[in-house]
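Q: Mind looking over this structure? Questions follow.
There are 2 protein chains.
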Amino acid sequence: MEKVFSALSDVNRRKIIELLHEQDSTLLELAGHFSISFQALSKHIKILEQAQIINKEVKGKYRQLSLNGHALREAMEWMAYYSSFWNESFDKLEVQIRNAQSDDHRN
Amino acid sequence: MEKVFSALSDVNRRKIIELLHEQDSTLLELAGHFSISFQALSKHIKILEQAQIINKEVKGKYRQLSLNGHALREAMEWMAYYSSFWNESFDKLEVQIRNAQSDDHRN
DNA sequence: TACTCATTCAACCATTTGGTAGAATGATTA
DNA sequence: TAATCATTCTACCAAATGGTTGAATGAGTA
Numbered sequence: 079m080e081k082v083f084s085a086l087s088d089v090n091r092r093k094i095i096e097l098l099h100e101q102d103s104t105l106l107e108l109a110g111h112f113s114i115s116f117q118a119l120s121k122h123i124k125i126l127e128q129a130q131i132i133n134k135e136v137k138g139k140y141r142q143l144s145l146n147g148h149a150l151r152e153a154m155e156w157m158a159y160y161s162s163f164w165n166e167s168f169d170k171l172e173v174q175i176r177n178a179q180s181d182d183h184r185n
Numbered sequence: 079m080e081k082v083f084s085a086l087s088d089v090n091r092r093k094i095i096e097l098l099h100e101q102d103s104t105l106l107e108l109a110g111h112f113s114i115s116f117q118a119l120s121k122h123i124k125i126l127e128q129a130q131i132i133n134k135e136v137k138g139k140y141r142q143l144s145l146n147g148h149a150l151r152e153a154m155e156w157m158a159y160y161s162s163f164w165n166e167s168f169d170k171l172e173v174q175i176r177n178a179q180s181d182d183h184r185n
C-alpha cells in the first residue's frame with residue numbers, strides 16, 4: 079500500500095504505467111519516451127516492480143516489462159472505500175471507465 | 079493527481095483519512111491517535127488540504143476537518159483505467175466495497 | 001575470444017520530506 | 001484586559017528521493 083501510492087506519486091512512473099498499458103516493452107524501448115537517463119529509468123522500474131505494479135520477465139538479453147494491476151487494484155479498493163460518497167456514484171464511475179476503454183479500442 | 083498520490087503515500091495521512099471517514103474532527107481531536115507533535119500533524123493536514131482530499135471549516139476557535147473524496151475519486155479513476163483487468167472483475171470490486179460498507183454500518 | 005548491447009550497481013549531489021521546538025496569531029474565557 | 005486554547009509559522013535537522021556519471025555484469029554476435 080505504502081509502496082503503491084508512493085510509486086504512483088511520480089510523473090515518470092505514472093507515464094511508465096501508461097506506456098506499458100499500451101504495450102509490453104523493454105527498458106530501452108521506454109527510454110525513448112523520457113528525457114532522463116536509462117539508469118534513472120531503471121531505478122523507477124525497480125520501484126514499480128517492488129510495489130508489484132509491473133512484472134519483469136528475462137528474455138535473453140532483454141527484460142520484458144508488463145503491467146501487473148494487482149497492487150493497483152488493492153490500493154483502488156482502499157480509495158473507493160474512503161472516498162465515502164462512492165455509494166451514489168459507483169455506477170457512474172463504472173460507465174465512465176467502460177467508455178474510456180471503448181475509446182481506447184477505437185484509437 | 080501528483081498531489082493526491084503523494085498525499086496518500088504517507089501512513090499518518092492515510093490514518094487521518096480513515097479517522098475522518100468515521101467522523102469529522104479537529105486537529106487536536108485527531109492528535110490523540112498519533113504519536114507525533116500537533117505541528118507535524120498540522121503539516122500533514124495542510125498537505126491533504128492542498129490535495130483537496132479534506133476540507134477545513136473555521137468554527138470560531140476550532141477548524142472542523144472533513145473528508146472531501148472528490149480528489150480521491152479522480153485518482154481512483156486513473157487507477158481503475160490502468161489496472162487493465164478491471165473489465166472482468168469490476169463487478170466483484172463493487173460487491174466487495176458494498177460489503178465493506180455494510181460491515182462498517184454494523185460496527 | 002573479443003565486442004557490443006541491455007541493464008544494473010555504486011558513488012555522488014541537490015532537493016524534498018517528515019519530524020522537532022519555539023514563537024506568533026487569532027478567537028474564547030476568566 | 002489578561003490568560004488560555006487551537007492552530008500555524010519559522011527555523012532547523014536527518015533521512016529519503018530523483019537525478020547524474022562511470023564502472024560492472026551478463027547475454028548475444030562477429
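Sequence order for the protein chains is V and F. For the first sequence, the working numbering gives the first residue as 79, with consecutive numbering after it. For the second sequence, the working numbering gives the first residue as 79, with consecutive numbering after it. Glycine included, each C-beta is placed from N, C-alpha and C at the ideal position.
Skipping 5 residues on each side, what residues in its chain have a beta carbon closer than 7 Å to that of K81(F)?
A: Excluding residues within five positions, the ones whose Cβ falls inside 7 Å are Q128 and A129.
Q: Give the residues from the segment 89-102 of chain V that approach chain F closer than 8 Å (Cβ to any Cβ), ordered along the chain.
A: Within the segment 89-102 of chain V, the qualifying residues are V89, R92, I95, E96 and H99.
Q: Quick one: list the residues of chain F neighbouring L143(V), beta-carbon separation under 9 Å, in chain order.
A: None at all; the shortest Cβ gap to chain F is about 14 Å.
Q: So which residues on chain F does F83(V) lean against when the C-beta distance must stay under 7 Å?
A: The contacting residues are F83, L86 and S87.
Q: Give me whichever residues DSSP pairs with V136(V) in a beta bridge.
A: In the DSSP output, where bridge partners are listed per residue, V136(V) has R141(V).
Q: Suppose contacts are defined by Cβ-Cβ distances below 8 Å. Is I132(F) in contact with L105(F) by that definition?
A: In this structure, L105(F) does not lie closer than 8 Å to I132(F) by Cβ.
Q: Can you find a C-beta in chain F that's less than 8 Å from the C-beta of Y160(V)?
A: Chain F contact via Cβ: present.
Q: Whose C-alpha, out of E155(V), G147(V) and S161(V), is nearest the C-alpha of R92(V)?
A: Among E155(V), G147(V) and S161(V), the Cα nearest to that of R92(V) belongs to G147(V).
Q: Could you list the residues in the segment 113-133 of chain F with a C-beta less than 8 Å from some C-beta on chain V, going in chain order?
A: Cβ contacts with chain V come from no residue of the segment 113-133 of chain F.
Q: Would you identify the three-state DSSP class for S161(F), choosing helix, strand or coil?
A: It is coil, neither helix nor strand.
Q: Could you pull the DSSP bridge partners for S103(F) from this structure?
A: L143(F), per the DSSP bridge assignment.
Q: Can you say whether I94(V) is buried or exposed, counting buried as having 16 or more other CB atoms within 10 angstroms of its CB?
A: Per the 10 Å Cβ criterion, buried.
Q: Identify whether S113(F) lies in helix, strand or coil by the three-state DSSP scheme.
A: Looking at S113(F) - three-state DSSP - the assignment turns out to be coil, as it is neither helix nor strand.
Q: With a 10 Å radius around its C-beta and 16 neighbouring C-beta atoms as the bar for buried, classify A153(V) as buried or exposed.
A: Classification for A153(V): buried.
Q: If you reduce the DSSP assignment to three classes, tell me which class A129(V) lands in.
A: Reduced to three states, the DSSP call for A129(V) is coil.
Q: Is it the case that the Cβ atoms of H111(F) and L145(F) are separated by a distance below 8 Å?
A: No; because the gap between Cβ atoms is not below 8 Å, this pair is not in contact.
Q: Determine, for E135(F), whether the minimum Cβ-Cβ distance to residues of chain V falls below 8 Å.
A: Chain V, which has no Cβ nearer than 8 Å to the Cβ of E135(F), makes this no.
Q: So, using beta-carbon positions, are L150(V) and S84(F) closer together than 8 Å?
A: Result no, Cβ atoms of L150(V) and S84(F) do not sit closer than 8 Å.
Q: Helix, strand or coil for M79(F)? Go by DSSP, reduced to three states.
A: Coil, per DSSP.
Q: Does any CB atom of chain V fall closer than 8 Å to the CB of A109(F)?
A: A109(F) does not count as touching chain V.
Q: Confirm, please, whether the CB-CB distance from L126(F) to L108(F) is below 8 Å.
A: Result no, Cβ atoms of L108(F) and L126(F) do not sit closer than 8 Å.
Q: Express the C-alpha separation of R141(V) and K134(V) in angstroms, rounding to a whole number.
A: Taking the straight line joining both Cα atoms gives about 6 Å.
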